[in-house]
Every structure is written in C-alpha cells, then in structure tokens.
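Trainee: Before we start, here is the structure in question, set down as structure tokens.
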Amino acid sequence: MRRSPADTAESARKISRRALFLGGTQLAFMGVLGLRMRFMQVDQAEEFRLLADENRLKVRLLPPARGLLYDRNGVILAENEQTFRIVIRKEDAADLDVVLEKLEKLIGLTPDEQERVRKTVKSRDTGPSVPVTIADRLTWEAFSTVAANGPALPGVSPEVGLTRFYPFRDDFVHTVGYVRPVTRDKLDQMDVVDPIYRIPDFQIGLTGVETKLEDLLKGRAGTLRVEQNVHGRTIRELDRQEGVAGSNIQLTFDQKVQNFVQARLDGESAAAVIMEVRTGDVIAAGSTPAFDPNKFVRGISGADYKALLENIYRPLPSKSVQGAYPPGSTFKMVTALAALEAGVVTPDETVRCTGHVEVGGRRFHCWKRAGHGNVNLIGSLRHSCDVYYYELAQRAGIEKIADMGRRLGLGDDYGLPLPGMSTGLMPDKQWKREKRGADWVIGDSLNAAIGQGFVLTTPMQLAVMTSRLATGRAITPRLVKTIDGIEQPIQDAGPLDINENMLRAVRTGMYEVLNSSRGTAYRSRIVEDGMHMAGKTGTSQTRNVVVNNNNVPWEERDHALFVSFAPYDDPKYAVSVVVEHGGGGSTAAAPIARDLMLFALHGAVPPLASYPQSQRGTIKNRLEALPLRPDDGGASTRSNA
C-alpha cells in the first residue's frame with residue numbers, strides 16, 4: 000500500500016523533532032561537562048596541582064571544650080586550663096628514631112619518654128592517622144622551639160589544647176570527681192564508641208559528677224580539613240567547623256561550706272552531709288581524708304597511688320554516699336515512730352530499764368549498765384535508753400520498723416548523679432530468708448531497733464531521714480541546680496503521712512538530747528537565740544562484743560554518729576556526721592556537727608556567742624587552727640569569732 004504525501008510529511012516532521020531533542024540533550028550534556036572541566040582546570044587548578052605534587056587532604060576531629068562545673072553561687076569548681084603539647088602521626092612520620100633524637104636535643108625528651116612513644120606508635124591500637132602524644136604540658140619556650148623546627152620534624156605537630164583543672168583540689172574530689180584520658184580498657188567497655196573518644200588524650204569523667212554527667216559535659220567534636228605535603232607538614236587549613244562545648248552545670252554545693260566541712264573533718268576518717276530540709280539541696284558532702292584530683296588528671300605517680308591504697312583511713316571512696324554504717328542510736332526515731340503508728344505504745348507510757356533484758360535465753364544490755372529506771376518516749380531519746388527500744392521492737396515487729404525506715408528515706412540512693420552510691424540496708428524477714436537462708440529471730444529485731452545488727456545507712460541517708468523528721472515531708476536530695484542556666488526542678492515533697500503529733504513527740508525528744516542538762520549531747524548545744532539545735536547521738540559497734548575504745552586498735556573501735564536539724568522552731572538545715580572508729584557519738588561526732596550547722600546558718604566561721612560561755616576559749620583555738628582556704632573560706636569569711 001502506497002503512503003500518501005500527507006503521511007510522508009507527518010513522518011518527516013516527527014523525525015525532525017526527535018533529532019532536535021537528541022541534539023539538544025547532547026549539547027546540554029557537553030555544556031555541563033565543559034563547565035565542570037573549566038571549574039576543575041581553572042577554579043581548582045591550584046588544589047589539584049598541589050595534590051599532583053603528592054600533597055594530601057586530611058580531616059581531623061577537633062575536641063570541644065568540656066562543660067564547666069560551678070557551685071550554687073557561681074564559684075567555678077572544675078575548669079579547663081590551656082596546655083601545650085606535641086603529637087606525632089605514624090603515617091606522616093619518616094624515621095621515628097631520628098625524630099625522637101632531635102626532640103631529645105630540643106626539649107630534653109628523656110629515654111623513658113622516647114621508649115613510651117615508640118611502644119605507643121607501634122601498638123596495634125594506634126591507627127596510622129591517630130596522633131600519639133609525645134610530650135604534654137610543655138612550657139611556651141619548649142613549645143615554640145618545636146614549632147620553629149617543624150620542617151625538620153616530619154609528622155610532628157605542636158598543638159594547643161585544654162585540660163581539666165580543679166582549683167579547690169581535695170575539697171570536692173569525692174563529689175565533683177575528676178577526669179582522665181580515655182584508655183583502651185575504657186573504650187572496650189563502651190557498647191557504642193563516640194568518635195570523640197578517639198581524639199588523642201581526650202579526657203573522660205572517671206569519678207563523681209564528672210562521670211555521671213559525662214554525656215552533658217563532653218560536648219560534640221568539630222572537624223578540621225587540612226592539606227599536608229609529602230613530609231606530613233601541614234600546608235594550609237582548608238575548612239574548620241568548631242565543636243559544640245559541653246553543658247555548664249551548676250551544682251547545689253556551697254564552696255565555702257564544703258571547705259569548712261573538709262577542714263573540720265581534717266585528721267579523721269569521717270564523712271558529713273549538710274542538706275536544706277525544705278528543698279533537699281545538698282549544700283556540702285564531705286569525706287576525709289581526701290586527695291588532689293589534679294594528680295590523676297596529669298597522671299598520678301605509682302608511689303602516690305600506692306600511698307592512697309595503703310592508707311587505713313581509705314581516702315579513695317566517698318564515705319558520704321559509699322560508706323554504709325550501722326546507724327546506732329540515730330535509728331531510734333525510726334523505731335519510735337513505727338511503734339507509735341502501730342499503736343503499741345503512747346508517748347507518755349513508760350518502760351522500766353534495769354540495764355538489760357533477757358529474750359530467747361540471751362541478755363541484751365543497755366549502754367548504761369545500771370539502767371535508766373522508768374522512761375517514756377522523750378526520756379528514751381534524751382538518755383538514749385536501749386531497753387526502751389528493745390521493748391518497742393518486740394511489740395511492733397521488724398516489718399513495721401523496716402517500713403518506717405524506708406518511708407524516712409533509708410535503703411535508697413535517690414538517683415543522685417554520683418557513682419557507686421550505697422543503698423545501705425533496711426532488712427526484714429524476706430531479706431534474711433533470701434540473702435542469709437535463715438529465718439528472722441526476735442534477737443534480730445532487738446538489734447535492728449537500736450540501729451545494730453543488719454541495718455546499714457549512709458551519711459546521705461541519715462541527712463535525708465533527719466530532713467524528713469524535721470519537716471514531715473518526703474524530702475529528696477538534689478545535687479544539680481541548673482544546666483546551661485536552666486533551673487532543674489525540685490522534686491515535689493509530698494507528706495510522709497505520719498501523724499504530726501507523733502512527729503512532734505520525736506522532735507521534742509531530739510531537742511532534749513541537746514538542750515536538757517541530762518541529754519547525751521548537752522555539751523554540744525547551741526546557745527544563740529533562734530538557732531537551737533535538735534539531734535540524736537549514735538555509737539555503733541564494729542564487733543559483736545562491747546569494747547573499751549581506749550584499749551583496742553583504732554580499726555576495732557566503735558563508730559561515732561550524730562544527726563541534727565536547726566533552728567528547732569523553723570528548720571533550715573539537716574546535718575549528719577559519721578566519724579569512723581571515733582568512739583562515742585556525743586564526744587566525737589556531735590561537736591563537729593554543731594560547728595558545721597553553725598557555719599551553714601551563719602555563712603561564715605561561727606561567732607563565739609553561739610557556744611556556751613565555758614567552752615569559748617577552747618573553741619576559739621580550734622576554729623582558728625582549722626586549715627581553711629584564706630581566699631575562699633578563711634580569714635575573709637570569719638565573723639567575730
């Protein structure tokens with residue numbers, strides 16, 4: 000069939016359109032290709048010329064500034080200090096031995112330091128592009144000498160970095176903690192390794208708040224793109240994106256109060272906590288002896304570390320939250336409230352104390368062997384009568400006592416950002432069956448009633464317990480005040496649901512401990528109007544037999560404890576003190592607690608008018624001898640002492 004002229008013309012038009020479309024596409028492609036070639040040949044000619052000369056582009060991570068830590072008043076507790084160092088990269092180094100010999104002449108690099116660098120560079124864990132630190136904390140003179148001789152030191156780079164510094168040294172080591180360079184072992188413990196931790200000598204929190212708030216403090220790494228020549232020498236910086244600094248965190252601590260706590264505990268193996276009873280803010284948490292965290296940041300010597308390990312006073316752990324102690328008679332308020340709430344005793348009912356009771360064929364003694372006679376609730380706290388609480392334990396039972404202890408905050412770590420916190424132990428029948436494989440017996444209840452036996456508490460828990468007794472509310476401790484200036488919430492403290500009349504009776508007994516002439520801590524009373532203190536002494540045995548603390552080695556003596564709140568009419572602070580193997584709570588712990596309470600109330604070394612007249616001479620000498628920091632809690636903060 001022959002095609003008509005019209006069909007032939009239409010077909011020709013279609014072919015022409017296809018040809019134009021294909022031709023246009025080819026032309027556009029050639030145009031783009033030409034523009035790209037011009038960009039590479041003209042605009043990037045210099046960069047490609049350098050690469051053709053065997054120059055290389057490198058991308059490096061830039062460490063961010065670690066977030067700063069402050070006290071409640073804005074005093075800096077952990078800061079970043081500028082430091083000079085030199086590093087070397089395996090892939091850029093020519094002859095490592097030659098480089099190290101030159102550095103020996105330039106900056107006095109010792110043979111031991113050289114050998115350390117050799118081993119690190121050859122380590123299978125050190126990638127070719129990972130820099131190895133040759134020397135850190137160089138003087139400006141040494142740093143500039145290396146920089147000036149850079150062309151003769153292939154692979155060596157002088158760097159300016161930041162390192163952590165703790166201006167108050169041992170005052171906050173157990174709470175703020177410290178950092179260390181990231182180790183291979185630390186990396187192996189991580190499920191997912193942030194690339195930031197592969198930056199040479201990048202510091203990571205190892206203890207205290209520094210480690211618990213690591214994710215907030217570490218920041219985010221930046222990047223640096225540089226060009227290097229064949230000798231590993233940086234030619235120019237091509238691009239830089241700065242990292243994001245870590246969050247700045249304000250803690251609830253008061254630096255001046257913390258310094259006073261550490262100074263007042265100096266010479267003892269002890270711990271103390273000061274807490275605001277309304278908010279739960281921890282003003283101070285001391286532990287002695289302590290140590291300078293800066294030694295760990297810089298690399299502590301073997302001799303210094305061995306001395307810390309072998310010290311019988313145990314300076315490494317934080318006793319305020321990691322130390323778990325039998326609370327002794329400071330626990331008696333728990334037993335009293337459990338019995339009152341169970342309705343098995345009234346505040347006015349008396350129990351006769353003859354110096355001991357016999358239960359289950361065993362004799363349980365009162366601390367006063369001659370006995371206290373007839374005592375009621377308030378009298379039992381005033382005199383710290385053990386027999387009274389033996390009787391209450393038999394009436395109330397361990398389950399009610401344990402429940403009351405937990406309601407008052409015992410057996411909890413409160414979720415504070417401090418590592419290794421002990422929860423102590425608030426035992427009951429189920430606990431003993433599960434952990435000891437034995438049934439609870441009546442003797443266990445009698446021991447628990449006076450804070451002995453299986454019961455264990457921390458100084459932090461005792462401060463929480465005292466805050467709850469003082470307010471009748473479920474106060475929870477707080478350690479972080481703000482993050483990047485944003486106030487952190489104070490946990491709502493609901494009522495304890497304990498009858499206020501019962502609480503008032505217990506508080507009255509605690510007041511009598513200090514303010515009755517027959518109270519166990521009368522010598523540690525505060526006489527200043529409006530600042531009277533209520534409290535409770537405690538002495539906990541470390542052995543199953545009663546000992547004379549003067550006739551046994553230090554480590555076998557009883558622990559001394561004291562808890563208190565003040566002012567009695569309008570409580571502001573709670574204080575707990577534990578002196579390890581200190582003997583009696585009234586003689587070793589109560590005087591310390593009074594000084595701490597008065598410093599917190601006054602915000603300075605207490606005036607002598609706060610103390611009984613007969614004690615002022617001795618106290619004046621003691622306060623003046625305290626090793627306070629003159630620039631942050633010493634002479635400048637003394638009132639008219």
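Numbering that gives the first Met the number 0 puts the first residue of the sequence shown at 0, with every later residue one more than the last. Ideal placement from N, C-alpha and C gives every residue a C-beta, glycine not left out.
Examine the Cβ distances between the segment 288-303 and the segment 470-478 and report whether three or more of them are shorter than 8 Å.
Mentor: Result no; under three Cβ-Cβ pairs closer than 8 Å.
Trainee: If you count every other CB in all the chains shown that lies within 10 Å of the CB of residue 111, and 16 or more means buried, which is it?
Mentor: So residue 111 ends up on the exposed side.
Trainee: Mind checking which residues open and close the alpha helix (DSSP H) that includes residue 180?
Mentor: No alpha helix (DSSP H) holds residue 180; the beta strand (DSSP E) holding it covers 178-180.
Trainee: Which residue comes first and which comes last in the alpha helix (DSSP H) that contains residue 444?
Mentor: Unbroken alpha helix (DSSP H) run through residue 444: 441-448.
Trainee: Could you have a look at residue 626 and say whether DSSP puts it in helix, strand or coil?
Mentor: Residue state, collapsed to three classes: coil.
Trainee: Locate the beta strand (DSSP E) running through residue 508, then write down its first and last residues.
Mentor: First-last for residue 508: 499-514, but that is the alpha helix (DSSP H), not the beta strand (DSSP E).
Trainee: If you draw a straight line from the C-alpha of residue 139 to the C-alpha of residue 304, how long is it?
Mentor: One C-alpha to the other measures close to 30 Å.
Trainee: Going by DSSP in three states, residue 620 sits in which element: helix, strand or coil?
Mentor: Of the three classes helix, strand and coil, the one that applies to residue 620 here is helix, per DSSP.
Trainee: Taking its Cβ as the centre, do 16 or more other Cβ atoms sit within 10 Å of residue 729, making it buried, or is it exposed?
Mentor: Here the chain comprises residues numbered 0 to 640, so residue 729 is not present and cannot be evaluated.
Trainee: Looking at residue 78: is its Cβ nearer than 8 Å to the Cβ of residue 157?
Mentor: It is not a contact, given that the beta carbons lie outside the stated cut-off.
Trainee: Between residue 524 and the rest of its own chain, which residues show a CB-CB distance below 6 Å, the 5 nearest in sequence each way excluded?
Mentor: So the qualifying residues of the chain are 513 and 514.
Trainee: Decide if the segment 195-209 is in contact with the segment 169-185; the criterion is three or more beta carbon pairs, one per stretch, under 8 Å apart.
Mentor: Touching, per the Cβ criterion.
Trainee: Identify which residue in 403, 346, 271 and 445 has its Cα closest to the Cα of residue 357.
Mentor: That would be 445, whose Cα lies nearest to the Cα of residue 357.
Trainee: Could you have a look at residue 132 and say whether DSSP puts it in helix, strand or coil?
Mentor: Strand.
Trainee: Counting C-beta neighbours from all protein chains within 10 Å, is the total for residue 535 16 or more, i.e. buried, or is it exposed?
Mentor: Answer is buried; the Cβ neighbour count reaches 16.
Trainee: Any beta carbon from chain D within less than 8 Å of residue 179's own beta carbon?
Mentor: You won't find chain D in this structure, because it holds only one protein chain.
Trainee: What span of residues does the alpha helix (DSSP H) with residue 465 cover, start to end?
Mentor: Element bounds for residue 465: 458-470.
Trainee: Going by CA-CA distance only, name the one from 510, 332 and 370 that's closest to residue 497.
Mentor: It is 332.
Trainee: Determine the extent of the beta strand (DSSP E) in which residue 246 is found, giving its start and end residues.
Mentor: From DSSP, residue 246 is part of no beta strand (DSSP E); its letter is neither H nor E.
Trainee: What is the rounded straight-line gap between the Cα of residue 135 and the Cα of residue 94?
Mentor: Each residue's alpha carbon lies about 22 Å from the other.
Trainee: With respect to the beta strand (DSSP E) encompassing residue 71, which residues constitute its N-terminal and C-terminal limits?
Mentor: Here residue 71 belongs to no beta strand (DSSP E), and DSSP marks it neither H nor E.
Trainee: Nearest-angstrom Cα distance between residue 370 and residue 507?
Mentor: In a straight line, the C-alpha of residue 370 is about 22 Å away from that of residue 507.
Trainee: Suppose you measure from the CA of residue 267 to the CA of residue 558; what does that come to, to the nearest Å?
Mentor: About 12 Å.
Trainee: According to DSSP, is residue 268 part of a helix, a strand, or is it coil?
Mentor: In this structure, residue 268 counts as coil in the three-state DSSP scheme.
Trainee: List the whole-angstrom C-beta distance separating residue 646 from residue 279, where the pair is believed to meet the contact cut-off of C-beta under 8 Å.
Mentor: Outside the modelled stretch of the chain, which goes from 0 to 640, sits residue 646, for which no answer is possible.
Trainee: Give a yes or no on contact between the segment 549-557 and the segment 438-458, applying the rule of three or more CB pairs nearer than 8 Å.
Mentor: With a cut-off of 8 Å, the segment 438-458 and the segment 549-557 do not count as touching, because too few Cβ pairs lie within range.
Trainee: For the segment 141-151 against the segment 102-119, are there 3 or more C-beta pairs whose distance is under 8 Å?
Mentor: At 8 Å Cβ cutoff, the stretches touch.
Trainee: For a minimum of 4 consecutive residues, which ranges assigned as the alpha helix (DSSP H) are wholly contained in the segment 307-349?
Mentor: Whole alpha helix (DSSP H) segments, 4+ residues: 318-321 and 331-341.
Trainee: Taking 6 Å as the limit between beta carbons, can you name the residues of its chain near residue 403, skipping five residues before and five after?
Mentor: Result list for residue 403: 333, 336 and 337, in chain order.
Trainee: Count the C-beta pairs between the segment 234-254 and the segment 60-73 that are closer than 8 Å, then say yes if the count reaches three, no if not.
Mentor: Segments in contact, yes.
Trainee: Provide the residue span of the alpha helix (DSSP H) that contains residue 157, from first to last.
Mentor: It is not in any alpha helix (DSSP H) - residue 157 instead sits in the beta strand (DSSP E) that spans 155-164.
Trainee: Have a look at 586, 62, 623 and 629 and flag the residue whose alpha-carbon is nearest the alpha-carbon of residue 197.
Mentor: Minimum Cα distance to residue 197 is reached at 62.
Trainee: Given this structure, state the Cα-to-Cα distance separating residue 628 from residue 209, to the nearest angstrom.
Mentor: So the two alpha carbons sit approximately 24 Å from each other.
Trainee: Under 7 Å Cβ to Cβ from residue 132, same chain only, skipping five residues before and after it: list those, please.
Mentor: These residues qualify, in order along the chain: 84, 86, 199 and 200.
Trainee: Does DSSP classify residue 638 as helix, strand or coil?
Mentor: Only weak support exists for where residue 638 lies, its pLDDT of 37 falling under 50; the coordinates are left without a value.
Trainee: Using 8 Å for Cβ pairs, my map puts residue 560 next to residue 585. What's the rounded Cβ distance?
Mentor: Wrong, their Cβ atoms sit about 10 Å apart, outside the cutoff.
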